[in-house]
Structures are given as structure tokens and as C-alpha cells.
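Read top to bottom, the protein sequences are chains A and B.
For the first sequence, counting from 1, position 74 maps to 72 in my numbering; every step adds exactly one.
For the second sequence, counting from 1, position 15 maps to 13 in my numbering; every step adds exactly one.
Report on the structure given below.
2 protein chains.
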Amino acid sequence: MASAAAVPLAPEPGLSRYAAIAAALRARVLAGEWGPGQALPSEQALAAQHGVAMATLRRAMELLASQGFIERIHGRGTFVRAGLSAAPMLMRFFRFGDGSGEVPTSRIVSRRKSPAPAEVARRLGIARGDPVLQLLRLRSLGGQPRLLEEIALPLPLFQVLADTPTAEWDDLFYPMYAQRCGVHVQRAVDEIGFGTLNAARAAHLGLAAGHPCARVVRRAYDLAGRCVEARTTLGDAHAFHYEVTIT
Amino acid sequence: MASAAAVPLAPEPGLSRYAAIAAALRARVLAGEWGPGQALPSEQALAAQHGVAMATLRRAMELLASQGFIERIHGRGTFVRAGLSAAPMLMRFFRFGDGSGEVPTSRIVSRRKSPAPAEVARRLGIARGDPVLQLLRLRSLGGQPRLLEEIALPLPLFQVLADTPTAEWDDLFYPMYAQRCGVHVQRAVDEIGFGTLNAARAAHLGLAAGHPCARVVRRAYDLAGRCVEARTTLGDAHAFHYEVTIT
DNA sequence: AAGTGGTCTAGACCACCGA
DNA sequence: CGGTGGTCTAGACCACTTA
């Protein structure tokens, strides 16, 4: 099995060589062979493993990189993507922290363990009644509450957060998930809609009941495609703003 | 100047060969050497012209293709992109025509030539007072008006539309711009926000004054990067829905 | 200096399209 | 069939990072 090893069993007959290799590498990553943030073997090594020329192996890598699955760093190596950039992924939908340079703050209003209601279960892809951690979080700017977040986390996975005082939590949740729970958010889908605030929610935001709000429903997924967080963010509709480029 | 012709004058010193070639090709397209929808020379011809290997030329082409600038069709050739897919680019933001299979209709409510107000001029990137064609268009579904569009078109360019009875207009505007005015929309930017309807606009949509609305402000650009259309679309906020994937 | 990914070459062969 | 773009090879050399 030295030189003519090549593809052992074609995963899909109609697939080009580089696409097959990309699929194989993807599978190996999902199987946990290399974890998020870790380096893959060098191109040379992988090319030898798969019995193809370097250029072909590189095409496979480029494919995976273009899909955001791996990250290639010149002179250092190729790495499994560690997760979404720690950045303020959410606030970008709202005029939040623009200009003044003021620091946004966040506060956990409530935390409770409970069986998943139907809607939450559906979003997380778990069974109704499975245990989840439900959080209510208020994000403020300059002392003004701006965004209300309702977050649901599947529970065996996020048990650590149920046991840690919320005062010790980090401001950025996704890096915290990675460090404390070993959960790496790799992809998220946001659904944007519109509605009005009920009295309880409006009170948190300092608005009148019935005030129009923008609603961003997010589902966050890890590398394996499991939904690991369901989050609904509500904010004043008039402060909502988003830009899309169509090509 | 046969074999060692190569790059005549490097456009940017720090640029790789393929990036330089991509830039050069881009410039030739913008200069009008090949119009939208037309074929570029074959890879072989272009590689010879630039004095590089086919693989390098191909990298340049792949770059341009990934940017949506050209379209490569196996066995046929490489073409300058003709414009945005004729599709219902706009309605995708609204629940509009879902399910029932009913046919959306559109009607031009008003058309008038006028000097550009400041806001319109800013969006189109022209001077205040330059002549524009301003349209008001109502899009309906099942007899129900759903979207109100305010469209501004710079005027020397779209004169044909000022002279053609609106009854003869096509339903899809972008293909019509291409056929009748020689304007190919290649890229568009949408800004999404929420607001409320004033009495006049609400009346067109059959809603009450002050009703919450979603507002999509679009700027459409041609290949050369000129803004050729400024469009504001208003619709019932409760019918608004959009999905974004973050990676 | 050794190891990584990035660029480039000069070919070969294949898959697709149209006359 | 001839011409197009798509895949693949087996090299060479360059640029960047780390130690």
C-alpha cells in the first residue's frame, strides 16, 4: 500500500478526486481526529496519505477553507476552525454602541433549569421535556437597557453554567462556551422578524407594552451540526438596522 | 516580444501574478472591451496574451468568477456576467406569494420627472437637482396591495422609460433596464430597517396611518460601479421575514 | 534553518458543448 | 469533430513563521 494506494473506497462515484478528499477530511474532523483550533497534518503528509499530488490536496483544502471549515495560515499550518470570531455577532443588527465609544454591559436577569417547552425543543432539536438551562439576559449601553435575550441551552452539555455563579460569567458567551463547556459554535442562523413587546418584556427594556420590536431568532451549531443554543433577541424596532449585499 | 513578454507594467508591485492579471482583465471589462453577456477569449488565448501558464491564468479567472464578475460555463466559454438573476430579488424579504401559487401583480401608480431631492441625489451619487425619473409602484397579491416601492432613476440614462407608456412595461424591472436602456444591474445593497407609515403611504397599502412597516432601501449598481437605481420598498412589518447565516 | 502554506510552470488527460 | 473549461501531475521556487 505504498504508491498506488489512492482512494480506498470512493465515497461518491461521481465525485472528483479533490472533492472526495475534502469529504474524507471533513469526516475525520467531525469524528474528532483533530479538535477545534488544532492543526491538521501538513499538506505534504496529507497528499502522501491520500496518494495524490500536492496541488490536488491543496484544492481539497481550499474547498474546506472556503466553507469556513478550516483556516489556513501561511507559514504556520492548517487549523480546524475554533469557532465564530468572538466578535459582537449579535449587536451588528442593532444600532448598539455606535459612535460614543461607550462600553456595552450585560446582566443575567434570571437563570433556571426546566424541561424544554415544545418550541425550545423544536429549535434545539431535542425532545420535549428534555432538561434545558433557560437564561434571561439584558444588554445595556450607557445604563440604558437595549436588548433582551432569551437563551436556551441543552442541559447535560452546559451543566457547568448551571453550577457557576452568574457573576463570574464572561461577557462574551461563545468563547465562554468553548472554555468552560467544550462547546465550539461554528455556524449560526439568524431569522429576523418583527413583533410587539408584551408588558413583562417591555418593562425590562424600559419601553411601553405593545412597543414595536425587532426579533432575531438565532440557532447556533457546533462542528458536528448539533444545535447547541437557541437564542431570541428583542430590541426596539426603530434601532434595528441591517445591510445585505446581493450579487 | 514573443516569449518573455510577461507583465508589461506591474499595476501594483506587491501583487501576485494572477491577481495582477485579474485586475487587468477586470479593467478591460470595465473599459467595455467585452460587454455583459459576451464571451471573453479562451483561457489559452488569454494565457498567451499575458505570457503565463494556463494554471495561473485560470487562477485569475477563478478569482473574478468568485467575485461574481464573470461566469464560466464548461464547454462553452467564459462570459461577462449579464446582471443579477432576473429573480424576485426583493420579495424574498417579505412573506409574499408563499404557498397559494397566486401570481403577484404590479402597477405603476405614478411617474414623474423631477430634479433630484438631496436624499435621492446622495443615494444615486449625483448632484442635487440633476434630473431623475421618480416612480411609485404598488405590488399586489390576490388583489391585496402588499408592497409600495419608491424608485428613482438617473435621467439621461433612463430616458426611454420616461417616453414609454407604463402599460407596456415589463413586470421584472432589471431585465427591462438591460433590454431597453442598456443598463445591467450587477450588484445591489439592501439596508433594512423598521418605521411607521404616513397617511399617504398607508392608504396605498390599505393600512392605517402609523402602522409599523419594514423598509428596504436598495441601491443597485452596474458593472462600472455607478449607482443606477435607488429604491425604497415599504411593507407591513408583520409580514417581514429574513434569514441570515453567519459563518 | 527547517517547516509551513502560496505561487507558478508545462505539460497530460477528461468532460462538456456546439456545429 | 474541434474547442471550451475542469481535473490532475510532478516538479520548482517564494514568503512566512518558529525556534
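Using N, Cα and C, we set each Cβ at its ideal position, and we do this for glycine too.
Fair warning: this is a prediction, and the values are worked out from it, not measured in the lab.
Cα-Cα separation between residue 101/A and residue 136/A, rounded to whole angstroms = For the purposes of this step, residue 101/A is taken as the residue at position 103 of the first sequence. For the purposes of this step, residue 136/A is taken as the residue at position 138 of the first sequence. Their backbone Cα atoms lie some 14 Å apart in a straight line.
Just grab the DSSP bridge partners of residue 108/B for me.
-> Numbered from 1 along the second sequence, position 110 holds the residue referred to as residue 108/B. Per DSSP, 134/B.
Which of the three DSSP states, helix, strand or coil, is assigned to residue 237/B?
-> Counting from one through the second sequence, the residue named residue 237/B turns up at place 239. Residue state, collapsed to three classes: helix.
How should residue 81/B be labelled, buried or exposed, when 16 other C-beta atoms within 10 angstroms of its C-beta is the threshold for buried?
-> Looking up residue 81/B in the second sequence gives position 83. That one is buried.
Classification of residue 184/A by the beta-carbon crowding that lies within 10 angstroms, buried from 16 upward = Here residue 184/A refers to the residue found at position 186 when the first sequence is read from its first residue. Its Cβ being crowded by 16 or more others within 10 Å, residue 184/A is buried.
Mind listing the chain B neighbours of residue 240/A? Cutoff is C-beta to C-beta under 9 Å, in chain order.
-> On the first sequence, residue 240/A is found 242 positions in, with the first residue counted as 1. Correct list: 188, 189, 190, 191, 240, 242.
Quick one: measure Cβ to Cβ for residue 121/A and residue 217/A, integer angstroms, because I've assumed they're closer than 8 Å.
-> Walking along the first sequence from the start, residue 121/A turns up at place 123. Walking along the first sequence from the start, residue 217/A turns up at place 219. Right, their Cβ atoms sit about 6 Å apart.
Is there a Cβ from chain B that is less than 7 Å from the Cβ of residue 51/A?
-> The residue you call residue 51/A lines up with position 53 of the first sequence. So no, residue 51/A is outside the interface.
Of the residues 41/A, 50/A, 130/A, 63/A, the one placed nearest residue 73/A, counting alpha carbons only | Here residue 73/A is taken as the residue at index 75 of the first sequence, counted from 1. For residue 73/A, the nearest C-alpha among the options comes from 41/A.
Best match in 20/B, 79/B, 39/B for proximity to residue 59/B [C-alpha to C-alpha] = Residue numbering aside, residue 59/B sits at position 61 when the second sequence is read from its first letter. If we check each option's Cα against that of residue 59/B, 20/B comes out closest.
Measuring only between beta-carbons, confirm whether residue 25/B sits less than 7 Å from chain A.
-> Numbered from 1 along the second sequence, position 27 holds the residue referred to as residue 25/B. It does not: the Cβ of residue 25/B has no partner Cβ on chain A nearer than 7 Å.
Per DSSP, residue 188/A is paired with what?
-> For this step, residue 188/A is matched to residue 190 along the first sequence. DSSP output for residue 188/A lists 216/A, 242/B as bridge partner(s).
Determine the chain A residues that contact residue 185/B at a beta-carbon separation under 8 Å, and present them in chain order.
-> The residue you call residue 185/B lines up with position 187 of the second sequence. The answer, in chain order, is 243, 244, 245.
What separation, rounded to the nearest whole angstrom, lies between the Cα atoms of residue 245/A and residue 56/A?
-> What you label residue 245/A is simply residue 247 of the first sequence in a count that begins at 1. What you label residue 56/A is simply residue 58 of the first sequence in a count that begins at 1. Computed Cα separation, rounded: 27 Å.
Of the choices 191/A, 208/A, 53/A, 190/A, whose alpha-carbon is the least far from that of residue 198/A?
-> Along the first sequence, one-based indexing puts residue 198/A at 200. When each option's Cα is compared against that of residue 198/A, the closest is 208/A.
Report the rounded CA-to-CA distance for residue 200/B versus residue 242/B, giving the unit in angstroms.
-> Residue 200/B sits at position 202 when you count from the first residue of the second sequence. Residue 242/B sits at position 244 when you count from the first residue of the second sequence. Their backbone Cα atoms lie some 29 Å apart in a straight line.
Collapsed DSSP secondary structure at residue 19/B in the structure displayed | Position 21 of the second sequence, counted from the start, is the residue given in the question as residue 19/B. Residue 19/B: helix per DSSP, three-state reduction.
What residues of chain B sit near residue 146/A, judged by a beta carbon separation below 7 Å?
-> By 1-based counting over the first sequence, the position of residue 146/A is 148. Going along chain B, no residue has its Cβ under 7 Å from residue 146/A, so there is no contact; the nearest lies around 17 Å.
Burial state of residue 1/A (16 or more Cβ within 10 Å) | Numbered from 1 along the first sequence, position 3 holds the residue referred to as residue 1/A. Low local confidence applies: a pLDDT of 38 at residue 1/A is under 50, so the model's placement there is unreliable, with the coordinate-based value given in what follows. Residue 1/A comes out exposed.
Spatial distance of residue 225/A from residue 128/A (CA atoms) = The sequence position of residue 225/A within the first sequence is 227, counting from 1. The sequence position of residue 128/A within the first sequence is 130, counting from 1. Approximately 14 Å, taken between the alpha carbons.
In the DSSP assignment, what residue or residues form a beta bridge with residue 229/B?
-> Locating residue 229/B in the second sequence gives position 231, counting from the first residue. Paired residue(s): 149/B, 216/B.
What is the rounded straight-line gap between the Cα of residue 179/A and the Cα of residue 227/A?
-> Here residue 179/A corresponds to residue number 181 of the first sequence, with the count starting at 1. Here residue 227/A corresponds to residue number 229 of the first sequence, with the count starting at 1. Whole-angstrom Cα-Cα distance: 12 Å.
Looking only at C-alpha atoms, which of 232/B, 12/B, 27/B, 212/B sits nearest to residue 221/B?
-> Your numbering for residue 221/B matches position 223 in the second sequence. The candidate whose alpha carbon is nearest that of residue 221/B is 27/B.
Taking only the alpha-carbon atoms, compute the straight-line gap between residue 112/A and residue 38/A and give it to the nearest angstrom.
-> Within the first sequence, residue 112/A is the residue found at index 114, counting from 1. Within the first sequence, residue 38/A is the residue found at index 40, counting from 1. So the two alpha carbons sit approximately 40 Å from each other.
In angstroms, rounded to a whole number, what distance separates the CA positions of residue 13/B and residue 52/B?
-> For the purposes of this step, residue 13/B is identified with residue 15 of the second sequence, where counting begins at 1. For the purposes of this step, residue 52/B is identified with residue 54 of the second sequence, where counting begins at 1. Straight-line Cα distance between these residues: approximately 18 Å.
Just how far apart, CA to CA, sit residue 89/B and residue 103/B?
-> Within the second sequence, numbered from 1, the residue matching residue 89/B stands at position 91. Within the second sequence, numbered from 1, the residue matching residue 103/B stands at position 105. Those two C-alpha atoms are separated by around 12 Å.
To the nearest angstrom, report how far apart residue 232/A and residue 109/A are at their CA atoms.
-> Within the first sequence, residue 232/A is the residue found at index 234, counting from 1. Within the first sequence, residue 109/A is the residue found at index 111, counting from 1. Going from the Cα of residue 232/A to the Cα of residue 109/A covers about 18 Å.
Could you tell me the distance, in whole angstroms, from the CA atom of residue 142/A to the CA atom of residue 190/B?
-> On the first sequence, position 144 is the one that residue 142/A refers to. On the second sequence, position 192 is the one that residue 190/B refers to. Near 24 Å, if we compare the C-alpha coordinates of residue 190/B and residue 142/A.
Helix, strand or coil: which one does DSSP assign to residue 120/B?
-> Numbered from 1 along the second sequence, position 122 holds the residue referred to as residue 120/B. Residue 120/B falls in the helix class under three-state DSSP.
By Cβ distance, which residues of its chain are closer than 6 Å to residue 215/A, with the 5 residues on each side in sequence left out?
-> Stepping through the first sequence from its first residue, residue 215/A is reached at position 217. Cβ neighbours of residue 215/A beyond the five flanking positions: 189, 230.
What residue from 65/A, 67/A, 23/A has the CA that sits closest to residue 47/A's CA?
-> Here residue 47/A refers to the residue found at position 49 of the first sequence. Nearest of 65/A, 67/A, 23/A to residue 47/A, Cα basis: 23/A.
Exposure of residue 194/A, with buried meaning 16 or more beta-carbon neighbours within 10 Å | As a working mapping, residue 194/A is identified with position 196 in the first sequence. Buried, by the Cβ-count rule.
One or two residues paired with residue 246/B in a DSSP bridge = Coverage of chain B is limited to positions -1 through 245, which leaves residue 246/B absent and any answer about it impossible.
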